[in-house]
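*Asks:* Residue 131 in the numbering used here is what sits at position 131 of the sequence shown, and the numbering runs on without skipping anything. The beta carbon of each residue, even a glycine, is placed where N, CA and C say it ideally should be. Before anything else, here's the structure in question.
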Amino acid sequence: MASLGLILLAMPLAVLAVLPALLTVEPWRAVIAALLVADIAAGAVANVTRGTNEHYAASGRRRAVFLAVHVHLPAVALLLDLPLVPALVGWVLTIVAGTIVVLMQRSTIQRPAAAAAVIVILSAVTITPETTVPLLFVTAMFALKVVFSFAVDHSRATGP
């Protein structure tokens, strides 16, 4: 139950962080973007819970589908008229890194590799021209959600 409280805290704070960008687009676009941002924040928390972790760890197919459907980052960029190139850089790197980390299941370096991958992703997006603060924030949450919270098998993780 504590996890639910943390999820409910993360969602509105994440939406508030991108509020300036939400206020610049049509209401329907802002609503969809806010829902996607809230989903990213909720997933970053929920994916480290035992139940969610075990659900996805039990099936390689579930993990593959999860990675395949996560197009949130370019969708948010398009909805909020944010630059698409940095969003695509962050998205591609996140999906590739998430896939690699999933394939490292039971490796002693899975967690450190995931952390290093998030740093690489954020560094790449930061130095990509036209990156904006809202886009960098959403990318950070998205990379955390997919590469660390989801791709790492937290119940079986071992390591140094």
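For H70, tell me which candidate among W28, A10, V146, H154 has the shortest Cα-Cα distance.
*Replies:* Measuring from the Cα of H70, the nearest candidate turns out to be V146.
*Asks:* Determine the closest residue to S155 out of I40, R111, L93, with distance taken between C-alpha atoms.
*Replies:* When each option's Cα is compared against that of S155, the closest is R111.
*Asks:* Hey, quick one: how far does the alpha helix (DSSP H) through R29 stretch, first residue to last?
*Replies:* Where R29 is concerned, the enclosing alpha helix (DSSP H) stretches over 27-46.
*Asks:* What residue range is occupied by the uninterrupted alpha helix (DSSP H) comprising I109?
*Replies:* Here I109 belongs to no alpha helix (DSSP H), and DSSP marks it neither H nor E.
*Asks:* Rank A115, W91, A38, R63 by C-alpha distance to the C-alpha of V102 and give the top, closest one.
*Replies:* Taking only the C-alpha atoms, the option nearest V102 is R63.
*Asks:* Okay, do the segment 51-59 and the segment 108-122 touch, 3+ Cβ pairs below 8 Å being the bar?
*Replies:* Touching, no.
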